[in-house]
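Right, one structure below, let's go through it.
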Amino acid sequence: MGKRSRKETFIAAKRPKNGNDPLSESNVFAELANDSRGDDALSVGSRRHHNMYKEDANKIEDYELTPRSFKGVSSDATEGLPVKTADGGLKRIVLKDSDSENEANEVESEKSDEDNDIAPFDGNENVPDYDEANDEDYKELSPETREKKIKEDIAQMAESLMENPEDNVLLFAKLLRMMSSHVPSTAKLSLLSVVPVFKSICPSYKVRPLTDAEKHEKMSNDVQKVRFFEQNLVRYYRKYLDVLSLHSLKFSTSPKATDLDIVLGILSTRAACQLASPLRFFNFRSDLMRILIRRIMHKPASAAEYDVFKECVKTLEALLVEDVDLGSISLDISRMLSRSIRRRNMKVDESVVNIFLSLTVLRDYDPHASAEEKEKKIKLKRKEKVFLTKKQRKELKEKKKIEKEIKDAEFKITAEERERFQAEILRTLLTLYLEILRSRPEKLMAPVLEGISKYGRQVNLDMIGDFLQVLREISHDLLDSSNDNIMFLNASQTRQVLLCVITSFSLLSYLPSKRVHLDLNKFVEYLYGLLPLLSEDAEIEFSYKTLRLMDPLATDLKMKPSVNISTEAELLLKGLNAIFFKSRSGSQARSLAFTKRLYTAMLQFPDKSTIAVMKFIGKLISRYDDIVSLYTTEDRIQNGVYRPYAETIEGANTEVAVLWENLLLEKHYNPTIAMGARALINRAKKEPGFM
Numbered sequence: 001m002g003k004r005s006r007k008e009t010f011i012a013a014k015r016p017k018n019g020n021d022p023l024s025e026s027n028v029f030a031e032l033a034n035d036s037r038g039d040d041a042l043s044v045g046s047r048r049h050h051n052m053y054k055e056d057a058n059k060i061e062d063y064e065l066t067p068r069s070f071k072g073v074s075s076d077a078t079e080g081l082p083v084k085t086a087d088g089g090l091k092r093i094v095l096k097d098s099d100s101e102n103e104a105n106e107v108e109s110e111k112s113d114e115d116n117d118i119a120p121f122d123g124n125e126n127v128p129d130y131d132e133a134n135d136e137d138y139k140e141l142s143p144e145t146r147e148k149k150i151k152e153d154i155a156q157m158a159e160s161l162m163e164n165p166e167d168n169v170l171l172f173a174k175l176l177r178m179m180s181s182h183v184p185s186t187a188k189l190s191l192l193s194v195v196p197v198f199k200s201i202c203p204s205y206k207v208r209p210l211t212d213a214e215k216h217e218k219m220s221n222d223v224q225k226v227r228f229f230e231q232n233l234v235r236y237y238r239k240y241l242d243v244l245s246l247h248s249l250k251f252s253t254s255p256k257a258t259d260l261d262i263v264l265g266i267l268s269t270r271a272a273c274q275l276a277s278p279l280r281f282f283n284f285r286s287d288l289m290r291i292l293i294r295r296i297m298h299k300p301a302s303a304a305e306y307d308v309f310k311e312c313v314k315t316l317e318a319l320l321v322e323d324v325d326l327g328s329i330s331l332d333i334s335r336m337l338s339r340s341i342r343r344r345n346m347k348v349d350e351s352v353v354n355i356f357l358s359l360t361v362l363r364d365y366d367p368h369a370s371a372e373e374k375e376k377k378i379k380l381k382r383k384e385k386v387f388l389t390k391k392q393r394k395e396l397k398e399k400k401k402i403e404k405e406i407k408d409a410e411f412k413i414t415a416e417e418r419e420r421f422q423a424e425i426l427r428t429l430l431t432l433y434l435e436i437l438r439s440r441p442e443k444l445m446a447p448v449l450e451g452i453s454k455y456g457r458q459v460n461l462d463m464i465g466d467f468l469q470v471l472r473e474i475s476h477d478l479l480d481s482s483n484d485n486i487m488f489l490n491a492s493q494t495r496q497v498l499l500c501v502i503t504s505f506s507l508l509s510y511l512p513s514k515r516v517h518l519d520l521n522k523f524v525e526y527l528y529g530l531l532p533l534l535s536e537d538a539e540i541e542f543s544y545k546t547l548r549l550m551d552p553l554a555t556d557l558k559m560k561p562s563v564n565i566s567t568e569a570e571l572l573l574k575g576l577n578a579i580f581f582k583s584r585s586g587s588q589a590r591s592l593a594f595t596k597r598l599y600t601a602m603l604q605f606p607d608k609s610t611i612a613v614m615k616f617i618g619k620l621i622s623r624y625d626d627i628v629s630l631y632t633t634e635d636r637i638q639n640g641v642y643r644p645y646a647e648t649i650e651g652a653n654t655e656v657a658v659l660w661e662n663l664l665l666e667k668h669y670n671p672t673i674a675m676g677a678r679a680l681i682n683r684a685k686k687e688p689g690f691m
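Position 377 of the sequence shown, counting from 1, maps to 377 under UniProt numbering, and the rest follow consecutively.
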């Protein structure tokens, strides 16, 4: 083929390719077909042109209404006043609205935390339930033989997992499938059989997921085998926790809950209790705690659920007791419990709040001392920088990385981290206590007040005023109302007033008296006004541990608290000691008023309470000498008369009173009380103030 000229090459380049020549037969026939449409095609074209013009007009109108946008300025920014520069120009100022962003982030984080707090797991809802009749291993067997064979296989698989877990780790898959069976024996046995297996083979550290580089790197067979075992162990353990969480949502009060669902819910909670303490350093620790906390948030409706309730409470208390050196476990439990109690609007049993009294990590925490130590800490001089080669720096970097992984695996906590955990735990706990006191649930007042008295020495100075104000309001509403509610207080309300008095003094007992001085006179008057009611209480020496006959007509299960067991007599003596011996609230006038009213109350007190009060009065005489003047019957020049029914100490005019009750106590049927009364009068006669 010869060479083409320049003219032929130019014509060939202008010719359309791929048969798209406008002069070809196909294109000609297409044009004729379009022309045959006639006026219809023209009308469609005109309408299309009109619509395009209308759309352009709408775009112009939208553009006119749209505000101006500036480059690099977000929608949350606000316009500030312009600033005049040195050359006479104006500089535009744009202020970023960071507060709104921070608030939005905080709200989102709080919502995410609440959603992740005690949310139910999805479980294996999409997996079909296990059916023994369709299983190839059991379909040809009779029902009795099938049940026996399944039990033997479950036991054999559990034994194989415990003997050689690395080679048989995939047996968890079949056991997990059997847990979804509708046959009660298969579901229960498979659910409980893996509990001792996990307790035996799970390590005491967290297994982290492998990175992409670690998955594709070359390794020995032993390392590959260990990694395969650990990753599958974590995966199946995660699925097992999903099953436990799904079953634990079923209570006897749940709608559409069958008998098997209720039994599996109880067994799942017990399994979680058995795994919580041994596997507290393994993966998914918080998921186990959620199962336990979800159970104790509901009131048990049967004896079996009540037993599980107590087991969950004991397990959580044991976790707090064992977490004395770390603090991370205590922080997780405190956060979950406080959030769950708030969601229930404080409608929980008092044993749930008593769990916080087992926080051993707060024993050695002193926020005031730690702050002073930080101020006195001397800054160390910076060490001279050591020269390292490139190879040495690389080796040092790898060494630090390995040490960090070992530290994370062994779950070591530094002193700074532990102190941070302690501060966060205390803040969470005291905030919850303050919210409970303000909402005033009757069942939770006693454990909360006892908790405040225990952790009172660690309360921040800013929160002490809030606590005292709430305690004062509670006592005022119970005692100093205009309707004389003191004669209608029940045992729980009487206990609340006693605990309010003790708690108020315990809050200030650890503070330096030179720096802080708060008036607690109201609480002294509250205890003084409560004495007549205590003298009429026949159960002043009874506690929750006292053996009593069960009420045959009772329908609700009574849950006895394990911490709040002090009797009213013990609380009374604690309050008296706090006023006269552990604070500066005691005085001569108050000692006279309390001695006279205590003598009147001793005429009705039981024997043990009377003996204890006599010992207290003997100790009080050694500190306040004016008390001996009440034992004499000689004539004295005084103004007015004694008013025993006065509500205030000043209005009683106790200086003119006489302790005639001591003569009645000398004739008491109990010889110990009679001897104590004679010893007090003989001691008073030896004092110089006795006339």
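Even glycine gets a Cβ: it sits at the ideal position worked out from N, Cα and C.
As the structure is a prediction and not an experimental result, all values here were calculated from the model.
CB contact below 7 Å: residue i versus chain C
i    : result
N460 : This model lacks chain C altogether; it includes just one protein chain.
Residue i (DSSP reduced to helix, strand or coil)
i    : result
L90  : strand
R343 : helix
Y138 : coil
D99  : Confidence in D99 is poor, its pLDDT being 40 and thus under 50, which makes the residue's placement unreliable; the coordinate value appears in the next sentence. DSSP places D99 in helix when its eight states are reduced to three.
D625 : helix
E687 : coil
S562 : In this prediction, S562 has a pLDDT of 46, which is less than 50 and means its spatial position is unreliable; what the coordinates show is noted afterwards. Here S562 sits in coil by DSSP.
S583 : coil
S538 : Per the sequence presented here, residue 538 reads as Ala, with Ser not at that position. Here A538 sits in coil by DSSP.
N662 : helix
R280 : coil
R427 : helix
A646 : coil
N521 : helix
R363 : coil
P165 : coil
F356 : helix
Alpha-carbon to alpha-carbon, residue j and residue i
i    : j    : result
R472 : G451 : 17 Å
Y306 : R235 : 32 Å
A155 : S268 : 19 Å
I296 : A601 : 41 Å
A446 : S609 : 21 Å
A423 : S439 : 25 Å
N670 : D607 : 7 Å
R363 : D323 : 12 Å
S190 : K206 : 25 Å
I673 : V628 : 19 Å
T253 : I333 : 26 Å
K685 : G618 : 13 Å
L359 : Y237 : 29 Å
Q458 : V613 : 31 Å
M675 : I464 : 44 Å
Y528 : E687 : 26 Å
S585 : N521 : 7 Å
Residue closest to residue i, alpha-carbon to alpha-carbon, out of the options
i    : options                : result
T494 : S506, L479, T503       : L479
T414 : L357, D325, T633, D462 : D325
T431 : A301, D462, E442, Q638 : D462
S330 : I262, V352, Y528, V361 : V361
Q638 : V313, T648, N653       : N653
K582 : S509, V470, A304, Y455 : S509
D259 : A304, A677, E403, S566 : A304
V470 : Y455, Q496, N490, L489 : Q496
I649 : N662, Y526, K310       : Y526
Residue i beta carbon near the ligand ZN (any heavy atom closer than 6 Å)
i    : result
L141 : Of the ligands one can find in the structure shown there are none, so the ligand ZN has no counterpart to examine.
Cβ-based neighbour list, residue i, same chain, cut-off 8 Å, excluding 5 preceding and 5 following
i    : result
E435 : R342, M346
N283 : K206, V207, V234, Y237, R238
L171 : M157, S160, L161
6 Å CB neighbourhood of residue i in its chain, flanking five on each side removed
i           : result
A679        : none
residue 745 : Outside the modelled stretch of the chain, which goes from 1 to 691, sits residue 745, for which no answer is possible.
A538        : none
L659        : Y599, L630, Y631
Cβ shell of residue i (< 7 Å), same chain only, five flanking positions each side left out
i    : result
A657 : K596, L630, Y642
R335 : T428
L620 : F580, S591, T595, I627
Ignoring anything shorter than 4 residues or poking outside the stretch 190-275, list the alpha helix (DSSP H) runs there in chain order. 212-216, 221-248
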